[in-house]
DNA sequence: CGAATTAGTGGGTCGGCACCCACTATAGGG
DNA sequence: CCCTATAGTGGGTGCCGACCCACTAATTCG
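Listed below in structure tokens is the structure:
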């Protein structure tokens, strides 16, 4: 062969790149999977982080509330909570007022873990948003937040 | 209970909303799945659209090139191409110069389809970006494009 | 006290996506 | 001509996220 090409990479179709939703989807997916990778190294998944964050932000609450807040399936939450409890990141106690309920709260270990996870998330974010300067990042965050709020009634998902 | 509450929906944890990558991921996912839904009504998937777009943008080419360009698995592409060919949206002909190759090109039907799909994609985009005015949308597109380019060496995915 | 309701759990399905391997056909250099 | 590399195909696997159902325990209402 004439010469072995590394053949860097071909361009994507302009008609796709022209769609903000395409970029959103692609970038979002990349960011998500990068973070997921890092969490996986610790045997964690994205939901674990989301649950910890919800507990840290809003304090102890019943699984029921987490279900509503995070739009996670009750059954799936049970599994996540199981795992987190087993690892000592949260504690589950029967609510004495209504003993059907299980009140979940973060432990100190959980809070410490969350801090680390958050640092990792920010590290990923720095990688992904590398081409933007601080001002642009703020502008992006602002736009995204508006979009997110605007479409208030979204269902589900992490 | 004081009053029966419709309890519209609870807020998400601020510590997550504060991460641009979280928003990116969530919004991107929503956009992607909305479009996927619409495509599914026609029995199509996102890859079908991507392949059509690549063919329309860059003209007829071997599957090999599509594989490189779209970072799709060769085997998966074969299946997508099969389906598109069966439906008459593309034609596959053996390259006479190198008969290992199969050159793929869009048909008129394919182009017409792509136009419709693109319209659907833009409709979804309008829904998602509803809170932003045209200027802001352009700003967003610009930022996303920079981010996308910056992270040149991304692997895979739709 | 039932009967109906709610919280949580355990077990499973389903579809999509990425990935991998074995195999055929063709090309091209030594 | 042989040997290796490349193009494409077919038939898988494994993972993951979303979802669903059946079941228990506890509560509340009539």
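Protein chains in written order, with this note's numbering: chain A, 1 to 158; chain B, 1001 to 1158.
In this text, a Cβ means the ideal position worked out from N, Cα and C, and glycines have one as well.
Distance, residue 1114/B Cα to residue 1020/B Cα: Counting from one through the second chain, the residue named residue 1020/B turns up at place 20. Counting from one through the second chain, the residue named residue 1114/B turns up at place 114. Roughly 32 angstroms separates the two Cα atoms.
Cβ neighbour criterion (16 or more within 10 Å) applied to residue 1002/B: Here the question's residue 1002/B lines up with position 2 in the second chain. With a pLDDT of only 32 at residue 1002/B, under the threshold of 50, the placement of this residue in the model should not be trusted; the figure read from the coordinates follows. Under this definition residue 1002/B is an exposed residue.
4-residue-minimum alpha helix (DSSP H) runs that sit fully inside the stretch 1063-1148 of chain B, ordered along the chain: 1063-1070, 1074-1086 and 1108-1128
Any C-beta of chain A under 8 angstroms from that of residue 1044/B: Here the question's residue 1044/B lines up with position 44 in the second chain. Not one chain A Cβ lies under 8 angstroms of residue 1044/B.
Reference residue 1011/B; option with closest CA among 26/A, 33/A, 50/A and 16/A: Taking the second chain and counting its residues from 1, one reaches residue 1011/B at position 11. Closest option to residue 1011/B, Cα to Cα, is 50/A.
Residue 74/A at chain B interface by Cβ criterion, 8 angstroms: By 1-based counting over the first chain, the position of residue 74/A is 74. For residue 74/A, not one C-beta of chain B is nearer than 8 angstroms to its own C-beta.
Whole-angstrom distance between residue 1117/B and residue 1039/B, CA atom to CA atom: Counting from 1 along the second chain, the entry for residue 1039/B is found at position 39. Counting from 1 along the second chain, the entry for residue 1117/B is found at position 117. Cα to Cα, the separation comes out at about 8 angstroms.
Neighbourhood of residue 1069/B by C-beta, 6 angstroms cutoff - its chain only, sequence neighbours within 5 removed: Residue numbering aside, residue 1069/B sits at position 69 when the second chain is read from its first letter. Cβ within range, chain order: 1054.
Contact residues within the stretch 133-144 of chain A, judged by C-beta distance below 8 angstroms to chain B: 136, 137, 139, 140, 141, 143 and 144
Whole-angstrom distance between residue 1146/B and residue 130/A, CA atom to CA atom: Counting from one through the first chain, the residue named residue 130/A turns up at place 130. Counting from one through the second chain, the residue named residue 1146/B turns up at place 146. Approximately 9 angstroms between the Cα atoms of the pair.
For residue 11/A, the first and last residue of its enclosing alpha helix (DSSP H): Working through the first chain from its first residue, we reach residue 11/A at position 11. Counting along the chain, residue 11/A falls outside any alpha helix (DSSP H), and DSSP gives it neither H nor E.
Chain-order list of residues whose beta-carbon lies under 8 angstroms from that of residue 121/A (same chain, five-residue window excluded): By 1-based counting over the first chain, the position of residue 121/A is 121. Once the five neighbours on either side are set aside, the close Cβ partners of residue 121/A are 35 and 49.
Closer than 7 angstroms at the beta carbon, the chain B residues around residue 118/A: Taking the first residue of the first chain as position 1, residue 118/A is located at position 118. Neighbours of residue 118/A in chain B, taken as residues at a C-beta separation under 7 angstroms, are given in chain order as 1015.
Closer than 8 angstroms to chain B by CB, residue 35/A: The residue you call residue 35/A lines up with position 35 of the first chain. Answer yes: the Cβ-Cβ gap between residue 35/A and chain B drops below 8 angstroms somewhere.
8 angstroms Cβ cutoff, residue 1128/B in contact with chain A: The residue given as residue 1128/B occupies position 128 in the second chain. It does; some Cβ of chain A falls within 8 angstroms.
Per-residue burial, residue 1104/B [other beta carbons within 10 Å of its own, 16 or more giving buried]: Position 104 of the second chain, counted from the first residue, corresponds to residue 1104/B. Label assigned to residue 1104/B: buried.
Backbone CA spacing between residue 1026/B and residue 71/A [nearest angstrom]: If you number the second chain from 1, residue 1026/B lands on position 26. If you number the first chain from 1, residue 71/A lands on position 71. Residue 1026/B and residue 71/A: Cα-Cα distance of roughly 13 angstroms.
Residue 126/A to residue 15/A span [Cα, whole Å]: Here residue 126/A refers to the residue found at position 126 of the first chain. Here residue 15/A refers to the residue found at position 15 of the first chain. Roughly 28 angstroms between the two C-alpha positions.
Contact with chain B by residue 102/A, beta-carbon distance below 8 angstroms: Numbered from its first residue, the first chain carries residue 102/A at position 102. It does not; no Cβ of chain B falls within 8 angstroms.
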